[in-house]
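Everything below concerns the one structure shown next.
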Amino acid sequence: MTLTLTGVDVNGNAVAQTVQTDASGRYTFTQLFAGVYTVTETQPTNYNDGQDKLGDNGGVLGNDGVSAINLAGGVQATGYDFGERGTTVSGTVWTRRRQRRRAGCQPMLMAS
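In our numbering, the protein residues as written are 775 to 886.
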C-alpha cells in the first residue's frame, strides 16, 4: 500500500514523503523534524476500505487519512493504521443453453 506524508516542519519547510508498506503492513517515514503532518493512504486496487485507526500521537481521523498530527522533536508516533477488507465474488451461475440457472454449480474463476 502507498502512504503519503505531507505537512510543514517547525522551520516552515514543506515536507512530502511517499512510502510503501512492507509485507506485514508496516511503514516508516524518516528524517522528520518537529511539525504538523498529514498521512494519506492510496486505496489499493482489489481491496475494500476497512476501518482506519488513529495513532498514539493524536490527530484528526478522516477517510483514508489522518491530519493535524503534531509531531514534537524526538517523538516516535506509532499506531496509525489503515484497514483493508478483501473482496468477494457472488451471483448466479447461468448455463449457455436456454439461459437456465443451475443449482449447486461451482463456478470457476480464471485469469485472462
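For every residue, glycine included, the Cβ atom is placed at its ideal position computed from N, Cα and C. Because the structure is a prediction, the values reported are computed rather than measured.
Given residue i as reference, the closest of the options once Cα atoms are compared
{"i": "residue 822", "options": "862, 795, 802", "result": "862"}
{"i": "residue 780", "options": "804, 807, 801, 813", "result": "813"}
{"i": "residue 847", "options": "791, 785, 838, 807", "result": "807"}
{"i": "residue 834", "options": "811, 790, 795", "result": "811"}
{"i": "residue 854", "options": "860, 818, 795", "result": "795"}
{"i": "residue 787", "options": "777, 809, 803, 801", "result": "809"}
{"i": "residue 845", "options": "775, 793, 803", "result": "803"}
For residue i, the first and last residue of its enclosing beta strand (DSSP E)
{"i": "residue 859", "result": "855-859"}
{"i": "residue 790", "result": "788-794"}
{"i": "residue 822", "result": "822-827"}
{"i": "residue 811", "result": "809-816"}
{"i": "residue 785", "result": "Taken as a continuous stretch (DSSP letters only), residue 785 belongs to no beta strand (DSSP E), as it is neither H nor E."}
{"i": "residue 842", "result": "839-845"}
{"i": "residue 836", "result": "834-836"}
Residue i and residue j closer than 8 Å at C-beta
{"i": "residue 838", "j": "residue 858", "result": "no"}
{"i": "residue 851", "j": "residue 831", "result": "yes"}
{"i": "residue 828", "j": "residue 801", "result": "no"}
Alpha carbon of residue i to alpha carbon of residue j, nearest angstrom
{"i": "residue 798", "j": "residue 790", "result": "23 Å"}
{"i": "residue 783", "j": "residue 865", "result": "51 Å"}
{"i": "residue 793", "j": "residue 775", "result": "8 Å"}
{"i": "residue 824", "j": "residue 785", "result": "35 Å"}
{"i": "residue 841", "j": "residue 805", "result": "19 Å"}
{"i": "residue 817", "j": "residue 860", "result": "12 Å"}
Burial state of residue i, where buried means 16 or more other Cβ atoms lie within 10 Å
{"i": "residue 849", "result": "exposed"}
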